Amino acid sequence: SSDRPVLQVQPGTYIHNAMRPAEEKALSFFVLIAIGYALRPKLHEKSALAGVRALVLNALLPAVIFVGLTNVRLSFASLGFPLLNAAHIVVQLLAGSLIGRLVLPGASRANERSTLALLSSSFAPGLSAFVFVKEFAPSGMAMGALMDLASKAYLLGLAPALMRAAHGGAPAAKPRSLAEAARRELSEPLSASIVAGLAMSAAGLSVRQLGPLGEAISRLEAAQTPILFLFIGLTVSLDGAAPFTCGSAVLARGGVAQLFAWCAVRALGLVGETALALVIMLQSACSVVAYAQLEKVASAIS
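First residue of the sequence shown? That's 3 in our numbering, and the numbers climb one at a time after it.
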(Lines of atoms letter the chains of each structure in order from A and count residues from 1; the text may use other names and numbers.)
(Lines give C-alpha, C1' and ligand atoms only; values in the text may rest on other atoms or scores of the structure.)
Protein backbone atom coordinates (compact mmCIF):
# COMPACT_ATOMS: atom_id res chain seq x y z
CA SER A 1 0.00 0.00 0.00
CA SER A 2 1.13 3.57 -0.69
CA ASP A 3 1.79 6.10 2.07
CA ARG A 4 0.74 8.96 -0.19
CA PRO A 5 -2.24 10.83 1.31
CA VAL A 6 -5.44 10.57 -0.67
CA LEU A 7 -7.55 13.67 -1.29
CA GLN A 8 -11.05 12.85 -0.15
CA VAL A 9 -13.87 15.11 -1.23
CA GLN A 10 -16.85 14.90 1.08
CA PRO A 11 -20.35 15.71 -0.14
CA GLY A 12 -20.88 19.47 -0.11
CA THR A 13 -17.12 20.20 -0.30
CA TYR A 14 -15.99 22.33 -3.23
CA ILE A 15 -12.82 21.63 -5.14
CA HIS A 16 -11.69 25.25 -4.75
CA ASN A 17 -11.04 24.55 -1.07
CA ALA A 18 -7.84 22.80 -2.16
CA MET A 19 -6.63 26.00 -3.84
CA ARG A 20 -4.30 28.25 -1.90
CA PRO A 21 -5.92 31.50 -0.70
CA ALA A 22 -3.41 33.66 -2.59
CA GLU A 23 -4.03 31.78 -5.84
CA GLU A 24 -7.79 32.02 -5.44
CA LYS A 25 -7.54 35.74 -4.72
CA ALA A 26 -5.36 36.31 -7.80
CA LEU A 27 -7.80 34.40 -10.01
CA SER A 28 -10.67 36.47 -8.63
CA PHE A 29 -8.85 39.57 -9.89
CA PHE A 30 -8.81 38.12 -13.41
CA VAL A 31 -12.54 37.47 -13.09
CA LEU A 32 -13.10 41.12 -12.15
CA ILE A 33 -11.02 42.23 -15.15
CA ALA A 34 -13.11 39.95 -17.39
CA ILE A 35 -16.31 41.47 -15.99
CA GLY A 36 -14.94 44.95 -16.68
CA TYR A 37 -14.08 43.93 -20.23
CA ALA A 38 -17.60 42.58 -20.72
CA LEU A 39 -19.01 45.92 -19.56
CA ARG A 40 -17.12 47.93 -22.19
CA PRO A 41 -20.16 48.31 -24.48
CA LYS A 42 -22.08 49.84 -21.56
CA LEU A 43 -19.31 52.13 -20.29
CA HIS A 44 -17.34 53.02 -23.40
CA GLU A 45 -17.82 56.78 -23.21
CA LYS A 46 -14.73 58.75 -22.20
CA SER A 47 -16.68 60.71 -19.59
CA ALA A 48 -17.75 57.50 -17.84
CA LEU A 49 -14.21 56.11 -17.78
CA ALA A 50 -12.83 59.43 -16.59
CA GLY A 51 -15.37 59.38 -13.77
CA VAL A 52 -14.29 55.91 -12.64
CA ARG A 53 -10.63 56.94 -12.78
CA ALA A 54 -11.34 60.09 -10.77
CA LEU A 55 -13.22 58.02 -8.18
CA VAL A 56 -10.26 55.66 -7.76
CA LEU A 57 -7.60 58.38 -7.55
CA ASN A 58 -9.51 60.92 -5.46
CA ALA A 59 -11.54 58.77 -3.08
CA LEU A 60 -10.66 55.07 -2.99
CA LEU A 61 -6.87 55.24 -3.20
CA PRO A 62 -6.56 58.03 -0.58
CA ALA A 63 -8.70 55.91 1.74
CA VAL A 64 -6.42 52.89 1.22
CA ILE A 65 -3.29 54.92 1.95
CA PHE A 66 -4.83 56.64 4.97
CA VAL A 67 -5.96 53.37 6.55
CA GLY A 68 -2.61 51.74 5.81
CA LEU A 69 -0.66 54.56 7.45
CA THR A 70 -2.82 54.58 10.58
CA ASN A 71 -2.33 50.84 11.07
CA VAL A 72 1.44 51.05 11.63
CA ARG A 73 3.87 52.83 13.88
CA LEU A 74 6.55 54.72 12.02
CA SER A 75 10.20 54.53 13.01
CA PHE A 76 13.26 56.50 11.99
CA ALA A 77 14.37 53.61 9.79
CA SER A 78 11.16 53.81 7.75
CA LEU A 79 12.16 57.28 6.55
CA GLY A 80 14.79 55.59 4.40
CA PHE A 81 12.16 54.12 2.07
CA PRO A 82 11.63 57.37 0.11
CA LEU A 83 15.41 57.50 -0.39
CA LEU A 84 15.37 53.88 -1.53
CA ASN A 85 12.74 54.65 -4.15
CA ALA A 86 14.67 57.77 -5.19
CA ALA A 87 17.66 55.50 -5.87
CA HIS A 88 15.41 53.21 -7.90
CA ILE A 89 14.20 56.18 -9.97
CA VAL A 90 17.80 57.13 -10.76
CA VAL A 91 18.59 53.53 -11.74
CA GLN A 92 15.52 53.38 -14.00
CA LEU A 93 16.47 56.73 -15.54
CA LEU A 94 19.93 55.44 -16.45
CA ALA A 95 18.59 52.08 -17.58
CA GLY A 96 15.93 53.81 -19.68
CA SER A 97 18.64 55.65 -21.56
CA LEU A 98 20.38 52.36 -22.38
CA ILE A 99 17.11 50.62 -23.27
CA GLY A 100 16.27 53.47 -25.62
CA ARG A 101 19.46 52.88 -27.60
CA LEU A 102 18.38 49.27 -28.14
CA VAL A 103 14.71 49.73 -29.07
CA LEU A 104 15.04 53.17 -30.72
CA PRO A 105 18.42 53.16 -32.51
CA GLY A 106 19.67 55.98 -34.70
CA ALA A 107 20.52 59.64 -34.24
CA SER A 108 17.16 60.73 -35.68
CA ARG A 109 15.32 59.19 -32.72
CA ALA A 110 17.28 60.91 -29.96
CA ASN A 111 14.24 62.86 -28.74
CA GLU A 112 12.18 59.70 -28.54
CA ARG A 113 14.94 57.99 -26.55
CA SER A 114 15.12 60.81 -24.01
CA THR A 115 11.33 60.75 -23.64
CA LEU A 116 11.44 56.99 -23.10
CA ALA A 117 14.13 57.38 -20.44
CA LEU A 118 12.12 60.02 -18.56
CA LEU A 119 8.93 57.95 -18.69
CA SER A 120 10.80 54.81 -17.68
CA SER A 121 11.61 56.34 -14.31
CA SER A 122 8.05 57.45 -13.52
CA PHE A 123 5.45 55.18 -11.97
CA ALA A 124 1.74 55.09 -11.17
CA PRO A 125 1.51 52.81 -8.13
CA GLY A 126 -1.94 54.14 -7.28
CA LEU A 127 -3.42 52.37 -10.30
CA SER A 128 -1.19 49.31 -10.14
CA ALA A 129 0.94 48.33 -7.16
CA PHE A 130 -0.98 49.66 -4.16
CA VAL A 131 -3.89 47.29 -4.58
CA PHE A 132 -1.56 44.26 -4.57
CA VAL A 133 0.28 45.53 -1.51
CA LYS A 134 -3.07 45.96 0.22
CA GLU A 135 -4.22 42.44 -0.65
CA PHE A 136 -0.99 40.45 -0.24
CA ALA A 137 1.19 42.53 2.12
CA PRO A 138 -1.13 44.88 4.04
CA SER A 139 1.43 45.70 6.70
CA GLY A 140 3.58 47.20 3.93
CA MET A 141 1.05 49.89 2.95
CA ALA A 142 2.82 52.55 5.01
CA MET A 143 6.13 51.68 3.36
CA GLY A 144 4.47 51.90 -0.05
CA ALA A 145 3.01 55.33 0.73
CA LEU A 146 6.41 56.57 1.88
CA MET A 147 8.11 55.20 -1.23
CA ASP A 148 5.57 56.99 -3.39
CA LEU A 149 6.68 60.34 -1.96
CA ALA A 150 9.85 60.06 -4.05
CA SER A 151 7.80 59.30 -7.17
CA LYS A 152 5.60 62.34 -6.59
CA ALA A 153 8.64 64.57 -6.08
CA TYR A 154 10.16 63.27 -9.32
CA LEU A 155 7.00 63.78 -11.37
CA LEU A 156 6.23 67.23 -9.98
CA GLY A 157 9.74 68.65 -9.84
CA LEU A 158 12.59 66.80 -11.50
CA ALA A 159 10.87 65.25 -14.54
CA PRO A 160 9.56 68.56 -15.99
CA ALA A 161 13.00 70.14 -15.55
CA LEU A 162 14.69 67.20 -17.28
CA MET A 163 12.13 67.30 -20.08
CA ARG A 164 12.79 70.99 -20.70
CA ALA A 165 16.53 70.37 -20.66
CA ALA A 166 16.23 67.50 -23.14
CA HIS A 167 13.74 69.04 -25.55
CA GLY A 168 13.84 72.76 -24.88
CA GLY A 169 10.52 74.55 -24.86
CA ALA A 170 8.96 77.27 -22.79
CA PRO A 171 10.74 78.24 -19.60
CA ALA A 172 9.26 77.25 -16.30
CA ALA A 173 6.52 79.48 -14.95
CA LYS A 174 7.31 81.88 -12.16
CA PRO A 175 7.75 79.71 -9.07
CA ARG A 176 5.02 79.93 -6.48
CA SER A 177 5.74 80.67 -2.86
CA LEU A 178 6.38 77.70 -0.61
CA ALA A 179 3.12 78.29 1.25
CA GLU A 180 1.15 78.46 -2.00
CA ALA A 181 2.78 75.30 -3.33
CA ALA A 182 2.09 73.46 -0.07
CA ARG A 183 -1.53 74.65 -0.04
CA ARG A 184 -2.07 73.49 -3.61
CA GLU A 185 -0.48 70.11 -2.94
CA LEU A 186 -2.54 69.54 0.21
CA SER A 187 -5.71 70.26 -1.76
CA GLU A 188 -5.06 66.99 -3.61
CA PRO A 189 -6.87 64.10 -1.85
CA LEU A 190 -3.90 61.75 -2.24
CA SER A 191 -1.43 64.18 -0.67
CA ALA A 192 -3.90 65.09 2.07
CA SER A 193 -4.41 61.41 2.91
CA ILE A 194 -0.65 60.86 3.25
CA VAL A 195 -0.21 63.87 5.55
CA ALA A 196 -3.27 62.99 7.63
CA GLY A 197 -2.25 59.33 7.86
CA LEU A 198 1.28 60.19 8.97
CA ALA A 199 -0.13 62.58 11.58
CA MET A 200 -2.51 59.91 12.88
CA SER A 201 0.29 57.36 13.00
CA ALA A 202 2.63 59.74 14.83
CA ALA A 203 -0.13 60.47 17.37
CA GLY A 204 -0.78 56.77 17.91
CA LEU A 205 -4.38 57.00 16.69
CA SER A 206 -6.25 54.46 14.56
CA VAL A 207 -9.02 54.89 12.04
CA ARG A 208 -11.46 53.22 14.45
CA GLN A 209 -11.15 56.18 16.77
CA LEU A 210 -12.67 58.49 14.16
CA GLY A 211 -16.19 57.17 14.68
CA PRO A 212 -18.57 57.45 11.69
CA LEU A 213 -15.87 59.19 9.64
CA GLY A 214 -13.50 56.28 10.21
CA GLU A 215 -16.24 53.80 9.28
CA ALA A 216 -16.89 55.65 6.02
CA ILE A 217 -13.18 55.72 5.18
CA SER A 218 -12.89 51.99 5.91
CA ARG A 219 -15.77 51.26 3.54
CA LEU A 220 -14.12 53.30 0.80
CA GLU A 221 -10.88 51.41 1.44
CA ALA A 222 -12.65 48.07 1.07
CA ALA A 223 -14.24 49.12 -2.24
CA GLN A 224 -10.95 49.97 -3.94
CA THR A 225 -9.94 46.48 -5.07
CA PRO A 226 -13.05 45.45 -7.07
CA ILE A 227 -13.55 48.87 -8.64
CA LEU A 228 -9.90 49.14 -9.70
CA PHE A 229 -9.88 45.74 -11.42
CA LEU A 230 -13.18 46.52 -13.13
CA PHE A 231 -11.57 49.75 -14.36
CA ILE A 232 -8.59 47.81 -15.72
CA GLY A 233 -10.96 45.55 -17.64
CA LEU A 234 -12.77 48.59 -19.02
CA THR A 235 -9.64 50.34 -20.26
CA VAL A 236 -6.72 47.94 -20.75
CA SER A 237 -5.33 47.74 -24.27
CA LEU A 238 -2.09 46.06 -25.30
CA ASP A 239 -1.94 47.24 -28.89
CA GLY A 240 -1.24 50.77 -30.07
CA ALA A 241 1.17 52.55 -32.37
CA ALA A 242 4.32 50.73 -31.25
CA PRO A 243 3.45 47.56 -29.31
CA PHE A 244 6.88 45.95 -29.76
CA THR A 245 8.77 49.04 -28.60
CA CYS A 246 6.45 49.67 -25.64
CA GLY A 247 6.33 46.01 -24.66
CA SER A 248 10.11 45.65 -24.85
CA ALA A 249 10.61 48.78 -22.74
CA VAL A 250 8.13 47.62 -20.10
CA LEU A 251 9.71 44.16 -19.87
CA ALA A 252 13.16 45.71 -19.55
CA ARG A 253 11.87 48.03 -16.81
CA GLY A 254 10.49 44.99 -15.01
CA GLY A 255 13.85 43.25 -15.16
CA VAL A 256 15.64 46.30 -13.77
CA ALA A 257 13.03 46.58 -11.01
CA GLN A 258 13.42 42.91 -10.07
CA LEU A 259 17.21 43.20 -9.92
CA PHE A 260 16.99 46.36 -7.81
CA ALA A 261 14.45 44.71 -5.48
CA TRP A 262 16.68 41.65 -5.03
CA CYS A 263 19.68 43.83 -4.17
CA ALA A 264 17.62 45.96 -1.75
CA VAL A 265 16.10 42.97 0.03
CA ARG A 266 19.48 41.31 0.44
CA ALA A 267 21.30 44.49 1.48
CA LEU A 268 18.66 45.62 3.99
CA GLY A 269 17.78 42.16 5.27
CA LEU A 270 14.07 42.61 4.61
CA VAL A 271 11.77 39.66 5.27
CA GLY A 272 8.10 38.77 5.19
CA GLU A 273 5.50 41.27 4.08
CA THR A 274 7.99 44.14 4.13
CA ALA A 275 10.12 42.45 1.47
CA LEU A 276 7.04 41.46 -0.52
CA ALA A 277 5.66 45.00 -0.40
CA LEU A 278 8.97 46.37 -1.69
CA VAL A 279 8.98 43.95 -4.63
CA ILE A 280 5.36 44.76 -5.48
CA MET A 281 5.87 48.52 -5.31
CA LEU A 282 8.83 48.37 -7.68
CA GLN A 283 6.84 46.24 -10.12
CA SER A 284 4.61 49.22 -10.86
CA ALA A 285 7.38 49.94 -13.38
CA CYS A 286 6.05 47.17 -15.64
CA SER A 287 2.28 47.30 -15.10
CA VAL A 288 -0.42 47.76 -17.72
CA VAL A 289 -0.53 51.39 -16.58
CA ALA A 290 3.17 51.75 -17.40
CA TYR A 291 2.51 50.26 -20.85
CA ALA A 292 -0.34 52.72 -21.39
CA GLN A 293 1.94 55.65 -20.49
CA LEU A 294 4.49 54.63 -23.11
CA GLU A 295 1.86 53.78 -25.73
CA LYS A 296 0.18 57.17 -25.34
CA VAL A 297 3.45 58.97 -26.06
CA ALA A 298 4.28 56.58 -28.92
CA SER A 299 0.91 57.32 -30.52
CA ALA A 300 1.46 61.07 -30.20
CA ILE A 301 4.86 61.08 -31.89
CA SER A 302 4.23 58.41 -34.52
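Built from N, CA and C at the ideal position, the CB exists for glycine as well.
As the structure is a prediction and not an experimental result, all values here were calculated from the model.
Sequence-distant residues of the same chain with beta carbon closer than 7 angstroms to residue i, five excluded per side
i    : result
S220 : V69, V209
R185 : none
K44  : none
D150 : P127
A198 : F68
L284 : H90, A259, F262, A263
G38  : F231, L232, F233, I234, G235, L236
H46  : none
A24  : F138
R42  : L236
Close beta carbons around residue i, own chain, < 6 angstroms, minus the five adjacent residues each side
i    : result
I35  : F231, I234, G235
A139 : E275, L278, A279
A65  : I219, L222, E223
G142 : V135, E275, T276, A279
C288 : V252, R255, G256
G216 : V209, R210
Integer Cβ distance of residue i from residue j, believed to fall under 8 angstroms
i   : j    : result
F83 : I282 : Between I282 and F83 the Cβ distance is about 13 angstroms, and since that is not below 8 angstroms, they are no contact.
L63 : Q226 : 6 angstroms
A61 : P191 : 7 angstroms
C-beta atoms of residue i and residue j nearer than 9 angstroms
i    : j    : result
S203 : R75  : yes
S153 : I91  : yes
L86  : A201 : no
L207 : T72  : yes
A144 : S80  : yes
A89  : F262 : yes
S286 : A131 : yes
V54  : I229 : yes
E137 : K27  : yes
Residues near residue i by beta carbon distance below 8 angstroms, same chain, minus five either side
i    : result
L188 : A194, V197
Check your understanding: So does the region 94-103 actually touch the region 247-264, counting three or more Cβ pairs closer than 8 angstroms?
Key -> yes
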